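Colleague:
In our numbering, the protein residues as written are 15 to 315.
Shown next, in the form of structure tokens:
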């Protein structure tokens, strides 16, 4: 129990350090990466933004943190003079929805899965971060929500948002630019690093694996994949991420079956053969193990 508490504290301190760094928004540069003609990926602080630009206007995927909205809009203006018409949230977390209110006040239509709407309209608590969020103001809420999928016919494209059950959260959506062979995964995919899985909001490592498999089935060797975090990716990158998650389950499950506590499992260091490659993001190995151990325990019951 003591070890679990200490892991939570480590995670919280690590997270606070990240938030503090990201709160220095004056130093954040919004980087624009052309993915395909009319399709862009914007990187700054928080989740990667996807963008479709064309004669019908601008379609956004996620909007990072509120203080970055002016910078993000300025970066979009360098791509297109047309107005932002829609922003689609891949899930409810603040590093993907923080700009909602600013954009909503300019009559941008916010769209998300039904569960994103529910989580934004109610207080939320992420235990591992020891963070409580208050309900979002009206202008930050989705105006349109959907329960399975929705398609936007915009800029000569068919842009499909498809709900993935209980992966990173219970409200994840992937966005498929069918005509461009581009997929935005939201936080179902952290390219090159251990992911945060919000188990308190319905997330699961098993759902992350299933979600990755769903995306892989839609992709080919030429598909360009915009991850929730990390650099622009391809199918092989996502396969590597999926295989890592499977490896984690394979390594940890025997420890669960032995009835080991989390403290005892940490001492076994089940991620040691993965850490050099994957422990390069903000989520440290012991903390990642803590986020998935309970899920695997529950799965074995």
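Every residue gets a Cβ at the ideal spot worked out from N, C-alpha and C, and that includes glycine.
As the structure is a prediction and not an experimental result, all values here were calculated from the model.
Residue 270 and residue 285: beta carbons closer than 8 angstroms?
Modeller: Contact flag unset, no.
Colleague: Count the other CB atoms, across all protein chains shown, that sit within 10 Å of the CB of residue 303; report buried if there are 16 or more and exposed otherwise.
Modeller: With 16 or more other Cβ atoms within 10 Å, it is buried.
Colleague: Examine the Cβ distances between the segment 249-262 and the segment 55-62 and report whether three or more of them are shorter than 8 angstroms.
Modeller: No, the segment 249-262 is not in contact with the segment 55-62.
Colleague: Please classify residue 231 as buried or exposed, where buried requires at least 16 neighbouring CB atoms within 10 angstroms.
Modeller: Residue 231 comes out exposed.
Colleague: Rounded to whole angstroms, what's the CA-CA distance from residue 182 to residue 158? Just pull it up for me.
Modeller: Cα to Cα, residue 182 sits roughly 21 angstroms from residue 158.
Colleague: What residues are listed by DSSP as bridge partners for residue 194?
Modeller: For residue 194, which the question treats as bridged, DSSP gives no partner whatsoever.
Colleague: Skipping 5 residues on each side, what residues in its chain have a beta carbon closer than 8 angstroms to that of residue 129?
Modeller: For residue 129, where only same-chain residues beyond five positions count, the Cβ hits under 8 angstroms are 106, 183, 184, 185, 216.
Colleague: Just verifying my parser: in three-state terms, what is the DSSP assignment at residue 12?
Modeller: The chain is shown from 15 up to 315; residue 12 falls before or after that span and cannot be answered.
Colleague: Which residues in the same chain have their Cβ closer than 6 angstroms to the Cβ of residue 36, if we skip the five residues on either side of it in sequence?
Modeller: With a pLDDT of 46 at residue 36, under the threshold of 50, the modelled position of that residue is not reliable, and the figure given next carries that caveat. 59, listed in sequence order.
Colleague: Do the segment 85-100 and the segment 117-127 touch if we need at least three Cβ pairs shorter than 8 angstroms?
Modeller: Result yes; three or more Cβ-Cβ pairs closer than 8 angstroms.
Colleague: Give the DSSP-derived three-state secondary structure of residue 271 in the structure shown.
Modeller: Looking at residue 271 - three-state DSSP - the assignment turns out to be helix.
Colleague: Report the residue ranges of all alpha helix (DSSP H) runs contained in full by the segment 214-296; include only those spanning at least 4 residues, in chain order.
Modeller: Whole alpha helix (DSSP H) segments, 4+ residues: 219-232, 249-271, 276-282, 289-292.
Colleague: Suppose you measure from the CA of residue 24 to the CA of residue 87; what does that come to, to the nearest Å?
Modeller: Note on residue 24: pLDDT 36, under 50, position unreliable in the model; the coordinate value appears next. Distance between the alpha carbons of residue 24 and residue 87: 35 angstroms.
Colleague: Determine which residues share a DSSP beta bridge with residue 207 and list them.
Modeller: None, per the DSSP bridge assignment.
Colleague: Does the Cβ-Cβ distance between residue 229 and residue 189 come in under 8 angstroms?
Modeller: No; because the gap between Cβ atoms is not below 8 angstroms, this pair is not in contact.
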